[in-house]
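Asker: Encoded as structure tokens, here's the structure I'll be asking about.
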Amino acid sequence: MPMLLDPSRKYKRYIPLNLPDRTWPSKTLERPPIWLSTDLRDGNQALANPMTIEQKWRFFKLLVKCGFKEIEIAYPAASDTDFGFVRQIVESDEVPDDVWLQVLTPARADLIKRTIDAVAGSKKAILHMYNATSPCFRDVVFRNSKEKTLELAITHTKLVRQLTDECTAKYGTEFRYEYSPETFSQTEPEFAIEICNAVKEAWGRAGPGPDRIIFNLPATVEIATPNHYADQIEHFSRNIKDREHIIISLHPHNDRGTAIAAAELAQMAGADRVEGCVFGNGERTGNVDLANLAFNLYTQGISPNLDFSDLQSVIDIVTSCNDLPIHPRHPYAGDLVFTAFSGSHQDAIKKGFEAQIQRHKANAEKGEPQWWDIPYLPIDPADIGCTYEAVIRVNSQSGKGGIAYIIKQHLGLDLPRKLQVSFYQVIQDIADREAREMTHSIGEGSNVRAASYVELTSPADKTKSDVAVAGSWGVGVDSDISASGLRAVLSAVCNAIGDRPLPELQLNIGFGVKSTEADIADAILHTLKLEIPRKLSTSFFEVVQRAARDANYPLALDELSNLFARTYRYEIPGRFELVDFNLSSLEDKRKTIQANITVDGKPRTIHGEGNGPISAFINALQSQFVGEVTLSVKEFAEHAIGEGSDTVAASYIELLRVSENERSTAWGVGVDSDTTRVNYKAVLSAANSLDLKVREA
Ligand SMILES: CC(=O)SCCNC(=O)CCNC(=O)[C@H](O)C(C)(C)COP(=O)(O)OP(=O)(O)OC[C@H]1O[C@@H](n2cnc3c(N)ncnc32)[C@H](O)[C@@H]1OP(=O)(O)O
Ligand SMILES: CC(C)C(=O)C(=O)O
Ligand SMILES: [Mg+2]
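Here numbering that gives the first Met the number 0 is used: position 14 in the sequence shown is 13, and no number is missing along the way.
As structure tokens, this is what we get:
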């Protein structure tokens, strides 16, 4: 990468701590930390438009609901809004007895006083005071020596002690004290320890248990690798006096993008508590993301003591309060984090789910835990309120495994491998041609709607109809995928008509391949008030048919299922339909069959004989075609769908047709409760796709 300048002459390296006997690298996280949310303070101060009181309330209630027991609710001296919000909370009955309200103040007498006035009367409050301690801040911001910095902290800690004692005496508020040597990670380690020891002495009340003082050690700006922060925390933890009288709190910012790692390693190094924001809002690149940390613990089998199980509601509230979006690839919370587009990932996930079902069954029988172990999915989406819908989405990078997964999810069909390959080609063609993901979804949750885009490709016969529609594009949106397709077609027609205003579409019905010409003519009359001439309605009918059949708009999951059904004539009536049959065994175990079928709607009885039920049926069927046609089964697979009395069978047959100069194959799919009938349905479904000329009856 070309460098504009030599960074070694501009940026100083951090000075590593000499801690060769560090112990944290061989530790693991065993329990959740004490959590403090500073969304309403550090998060809020970083917003272009700080939250309104109403937004702060909404956020506060969310934090309580998620299980936070310590919440930094404001910097009360900052503004009347912040002060007023604290007063509202204190005077409300919305604070559970076990929740501590934390408030931040600088080491300035007037602001300390105002801060304590804000929380006076609350049940439980943590008074949090900070002053920066690093050389840069001492020299540049405060123009203070080390001694003056110590004195600032000591004097104001004593003031906090005096004023909080008075407040307790007057209003009964129970106080704890938190001190932050701001810019801790850039402060000389020995000086940070010295100032904290001095603050503890000035506070005078620290002891074990509930009297513990909180030393919050911020990486105010993240300037080093996360192992360095962990070293600093281990060094502090080892050398601070009366360690058992102290809660060591972390406050990592994310300037280098490693706040999560810093927080995790520093907990391994001995920290007890973490301050941060849900989804990592905060100054510059943010505070450490508490939801991310909580989920990381959860996926290690450690309950984080925070409940983000209804993650979508949490996202909705946090984004509406911060007025900041969540990146689609944000850990755990992003829209795309459970979605696999690529074929090899989809294949592995599909196999993972199949194997897991079997494994869990066996585990359940043995009374063993049902471990989650799915390739590419570190957490079960269901645990955070997501469905598996989004896990696999299809585009041109997708493979047969992912497509088969979707068919299984939607139709319950376990496609045999060769059929997966065959259907994959169909999907690839469309995805490549459309050059976009085949999805329909717009909106979220119950508001999801389908978007359809249609280009009318069939020119109406200008000499015979009033309106030319070819080449016109239309867009349709509806909660029903079929209706959205028709809306798009109607909108395209309106665009083609041009000189008439585009009327509001109020179509409430789904149209697709099964719609009749009369239905569509009625719909046009109903929505557009156009009584289209008969010839146009015939032409338009074909356009609607083609639009539905070609899926000339993004395909959704259910569209994909529809496409499957269309391609393999699954449950779609074809030329050949089975009515009933009579199968019997001959002496040599061969089978003989008499079957009643319909050919193009007309009844016909066929007879045949073969080694088994399928070959007997095929033998009967092939006699119905003109010329020397031989049909045989090239591929065959079957399985059950459902359990107990609801079980039905699915059959997949690839039929090979050989005639004088021609060989062709087609897949057919059948589903039926009868295990013989299902195969005949599959044979006829395949025969429907072969171009066969039928003998006169
Ligand atoms: C890393 C962090 O997130 S720290 C928290 C930061 N959050 C905020 O600042 C949000 C709220 N802040 C505010 O609304 C305002 O800054 C106020 C109301 C607190 C103070 O406003 P002002 O009195 O106008 O002062 P200003 O913001 O310019 O503060 C700078 C002064 O405070 C001093 N100061 C800064 N931090 C501290 C501190 N922790 N303790 C004592 N003095 C401090 C500075 O040295 C400077 O003093 P000077 O005026 O003698 O040079
Ligand atoms: C006030 C302190 C704790 C702070 O926000 C920081 O140092 O980042
Ligand atoms: Mg901060």
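Just so it is clear, CB atoms sit at the ideal spot from N, CA and C, and this is done for glycine as well.
#1: Pick from A197, I245 and E177: whose alpha carbon is nearest that of W99?
#2: Helix, strand or coil for S688? Go by DSSP, reduced to three states.
#3: Ignore the nearest five residues each way along the sequence and tell me which others in G83's own chain have a CB closer than 7 angstroms to its CB.
#4: Mapping the DSSP letters down to three states, classify W370 as helix, strand or coil.
#5: State the beta-bridge partners of G176 as determined by DSSP.
#6: Looking at G667 and A686, is the spacing between their C-beta atoms short of 9 angstroms?
#7: Going by the CB atoms, is the gap between L35 and S248 shorter than 9 angstroms?
#8: Classify R204 as helix, strand or coil using the three-state DSSP reduction.
#9: Which one of G351, R57, G66 and Q44 has the shortest CA to CA distance from D81?
#10: Would you tell me roughly how many angstroms separate the C-alpha atoms of G256 and A262, rounded to the nearest one?
#11: Any idea what DSSP makes of I391, helix, strand or coil?
#12: What did DSSP end up calling L110 once you bin it into helix, strand or coil?
#13: For V345, verify whether its CB is less than 8 angstroms away from any heavy atom of ligand 1.
#14: Check N678 in the structure and name its three-state DSSP category.
#15: CA-CA distance, R204 and A117?
#16: Round the Cβ separation of L264 and A229 to the nearest angstrom and send it over; I've been treating them as touching at under 8 angstroms.
#17: Taking Cβ to Cβ, would you say F635 is nearer than 9 angstroms to E653?
#18: For H326, which beta-bridge partners are listed by DSSP?
#19: Please give me, in chain order, every unbroken run of the alpha helix (DSSP H) with length at least 4 that falls completely inside the segment 298-360.
#20: Is the segment 301-319 touching the segment 345-354 in the sense that three or more CB pairs, one from each, lie closer than 8 angstroms?
#21: Quick one: Cα of N143 to Cα of S312, how far?
#22: For the beta strand (DSSP E) containing A649, list its first residue and its last residue.
#23: What's the call for P137, buried or exposed, on a 16-neighbour Cβ count within 10 Å?
#24: Assuming G411 and Q345 make a contact with CB atoms under 8 angstroms, what is their CB distance in whole Å?
#25: Span of the beta strand (DSSP E) holding N581?
#26: What would DSSP say about N618, mapped onto helix, strand or coil?
#27: Taking A73 and V85 to be in contact with their CB atoms under 8 angstroms, please state how far apart those CB atoms are, rounded to whole angstroms.
#28: Based on Cα-Cα distance, which residue from S25, D210, I245 and N286 lies nearest to L39?
#29: Note down the Cα distance separating G753 from A619, rounded to an integer number of angstroms.
#30: Residue range of the beta strand (DSSP E) that A707 falls in?
#31: From the DSSP output, in three-state form, read off T386 for me.
#32: Shorter than 8 angstroms, the distance from the beta carbon of D116 to the closest heavy atom of ligand 1, or not?
#33: Could you tell me the distance, in whole angstroms, from the CA atom of E310 to the CA atom of E367?
#34: Have a look at P330, N321, C320 and G269 and flag the residue whose alpha-carbon is nearest the alpha-carbon of D288.
#35: Under 8 angstroms from any heavy atom of ligand 2, does the C-beta of S179 make it?
#36: What separation, rounded to the nearest whole angstrom, lies between the Cα atoms of Q355 and I406?
Answerer: Judging by the given coordinates:
#1: The residue with the shortest Cα to Cα distance from W99 is E177.
#2: S688 falls in the helix class under three-state DSSP.
#3: Cβ neighbours of G83 within its own chain (closer than 7 angstroms, five residues either side excluded): I52.
#4: Correct three-state label for W370: coil.
#5: It is Tyr, not Gly, that sits at residue 176 in the sequence shown. As DSSP reads the structure, Y176 sits in a beta bridge with L126.
#6: Yes; because the gap between Cβ atoms is below 9 angstroms, this pair is in contact.
#7: Yes, they are a contact pair.
#8: Taken through DSSP and simplified to helix, strand or coil, R204 comes out as coil.
#9: Among G351, R57, G66 and Q44, the Cα nearest to that of D81 belongs to Q44.
#10: Roughly 12 angstroms between the two C-alpha positions.
#11: The answer is strand: DSSP assigns I391 an E or B state.
#12: Residue state, collapsed to three classes: helix.
#13: Inspection of the sequence shows that residue 345 is occupied by Gln rather than by Val. No, the beta carbon of Q345 sits no closer than 8 angstroms to any heavy atom of ligand 1.
#14: For N678, the three-state secondary structure derived from DSSP is helix.
#15: About 23 angstroms.
#16: Contact holds; Cβ gap of about 4 angstroms.
#17: Judged by beta-carbon spacing, E653 lies within the 9 angstroms limit of F635, meaning their Cβ atoms are closer than that value.
#18: Note: H326 sits in no beta bridge, so no partner.
#19: The qualifying runs are 310-321.
#20: Taking a contact to require three or more Cβ pairs closer than 8 angstroms, the segment 345-354 and the segment 301-319 do not qualify as touching.
#21: Rounded to the nearest angstrom, the two C-alpha atoms are 47 angstroms apart.
#22: Here the beta strand (DSSP E) through A649 covers V647 to S658.
#23: Correcting the residue type first, residue 137 is Arg in the shown sequence and not Pro. Buried.
#24: Between Q345 and G411 the Cβ distance is about 18 angstroms, and since that is not below 8 angstroms, they are no contact.
#25: According to the DSSP assignment, N581 belongs to the beta strand (DSSP E) that extends over F575 to S584.
#26: N618 falls in the helix class under three-state DSSP.
#27: Contact check for A73 and V85: beta-carbon distance about 5 angstroms, within the 8 angstroms limit, so the pair qualifies.
#28: Nearest of S25, D210, I245 and N286 to L39, Cα basis: N286.
#29: In the structure as shown, the chain begins at 0 and stops at 696. Residue 753 is therefore absent and cannot be evaluated.
#30: Examination of residue 707 is not possible in this model, given that the chain is present from 0 through 696 alone.
#31: Coil.
#32: It does not: the Cβ of D116 is nowhere closer than 8 angstroms to a heavy atom of ligand 1.
#33: A quick correction: the sequence has Leu, not Glu, at residue 310. Taking C-alpha positions only, L310 is separated from E367 by approximately 29 angstroms.
#34: Among P330, N321, C320 and G269, the Cα nearest to that of D288 is on P330.
#35: True, at least one ligand heavy atom lies under 8 angstroms from that Cβ.
#36: Rounded to whole angstroms, the separation of the alpha carbons of I406 and Q355 is 19 angstroms.
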